[in-house]
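**Student:**
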């Protein structure tokens, strides 16, 4: 098995992680979540991060998405050093460059599906009518065009996660981050959502980093990084068990 970070060669990376370390301290005690993580993600790659619950997958995605800070190490998005971003710049970076899908959809219940999808564009101050037009286009792409006017409580779990995916992509981000995007879904719906993510990844030329327990999904990704006991290692997708 290869050490993560050695496979992208000289290709310019969308994401470069170097010597990342995350430690939580409580009094004299410290919990090392991970240490000396290094890897790269090249443009257009679909990369899965696998590992047991508590291995640090979500923490890693939060750091990559500038929602948390590492204890040590560096992250580069293209040529931008993420640790150097001030709070306002980090918020603008998240809105313009990163799309997020979490295990729970976090839709705003008082708004319709199209209003939820348009929200990142409205937050950045774009024209409301055009923002809603863009939202409807993305809802069509995820198969929910006829459901654009429905509120989240009127949608199934799979539909809610599709809305969350459309919301993540409406800003046309350079990097999609997804944290257990099928974790709250039944097996049939989870397969449909994972197939949709892969289809959108290809159709829109995305670069995607997906933390998942769904090994069937991970097997169909371009690369797999396993996070275990605070270290990260690349494994071949074909080496993952079928179930």
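Residue numbers (my numbering): 32 to 274.
We treat Cβ as the ideally placed atom computed from N, Cα and C, and that holds for glycine.
Return the bridge partner residues of residue 209 from the DSSP annotation.
**Tutor:** 132 and 241
**Student:** Write down every uninterrupted run of the alpha helix (DSSP H) in the segment 67-99 whose length is 4 residues or greater and which is fully enclosed by it, in chain order.
**Tutor:** If we require 4 residues or more, the alpha helix (DSSP H) runs fully inside the segment 67-99 come out as 88-95.
**Student:** What residues in its chain sit with their C-beta under 8 Å from that of residue 35, if we drop five residues either side in the sequence?
**Tutor:** Low confidence applies here, because residue 35 scores a pLDDT of 46, under 50, leaving its location unreliable and the question unanswered by this model.
**Student:** Does the beta-carbon distance from residue 199 to residue 131 come in below 8 Å?
**Tutor:** Yes, Cβ-Cβ distance for residue 199 and residue 131 is below 8 Å.
**Student:** Mind the definition here: the segment 230-237 touches the segment 53-68 only if three or more C-beta pairs lie below 8 Å; say whether that holds.
**Tutor:** The answer is no - the segment 53-68 does not touch the segment 230-237, with fewer than three Cβ pairs under 8 Å.
**Student:** Pair every Cβ in the segment 169-185 with every Cβ in the segment 94-103, then say whether three or more of these pairs are closer than 8 Å.
**Tutor:** The answer is no - the segment 94-103 does not touch the segment 169-185, with fewer than three Cβ pairs under 8 Å.
**Student:** Which two residues bound the contiguous beta strand (DSSP E) that contains residue 257?
**Tutor:** Element bounds for residue 257: 254-259.
**Student:** Whole angstroms are fine: how far does the CA of residue 185 sit from the CA of residue 39?
**Tutor:** Since pLDDT at residue 39 reaches only 38, below the 50 mark, its modelled position is unreliable, and the value read off the structure follows with that caveat. So the two alpha carbons sit approximately 44 Å from each other.
**Student:** Quick one, which of 76, 211 and 52 has its alpha-carbon nearest residue 324's?
**Tutor:** In the structure as shown, the chain starts at 32 and stops at 274, and residue 324 therefore has no counterpart that could be examined.
**Student:** Do the segment 49-59 and the segment 211-226 touch if we need at least three Cβ pairs shorter than 8 Å?
**Tutor:** no
**Student:** Considering only the beta carbon of each residue, do residue 208 and residue 228 sit closer than 8 Å?
**Tutor:** no
**Student:** Cutting at 7 Å between CB atoms, please list the residues of its own chain near residue 253, excluding the five before and the five after it.
**Tutor:** 76, 77 and 78
**Student:** By the 10 Å Cβ neighbour count, where 16 or more other Cβ atoms means buried, how is residue 248 classified, buried or exposed?
**Tutor:** By the 16-neighbour rule on beta-carbons within 10 angstroms, residue 248 is buried.
**Student:** Residues bridged to residue 63 by DSSP?
**Tutor:** Answer is 54.
**Student:** Does DSSP classify residue 265 as helix, strand or coil?
**Tutor:** strand
**Student:** Mapping DSSP to helix, strand and coil, what is residue 49?
**Tutor:** strand
**Student:** In this structure, what does DSSP give as the bridge partners for residue 112?
**Tutor:** Its beta-bridge partners are 107.
**Student:** Check the DSSP bridge columns for residue 182 and list the partner residues they point to.
**Tutor:** 143
**Student:** Among 46, 192, 243 and 201, which has the Cα closest to the Cα of residue 112?
**Tutor:** For residue 112, the nearest C-alpha among the options comes from 46.
**Student:** Is DSSP giving residue 220 helix, strand or coil here?
**Tutor:** helix
**Student:** Mapping DSSP to helix, strand and coil, what is residue 235?
**Tutor:** coil
**Student:** Helix, strand or coil for residue 214? Go by DSSP, reduced to three states.
**Tutor:** coil
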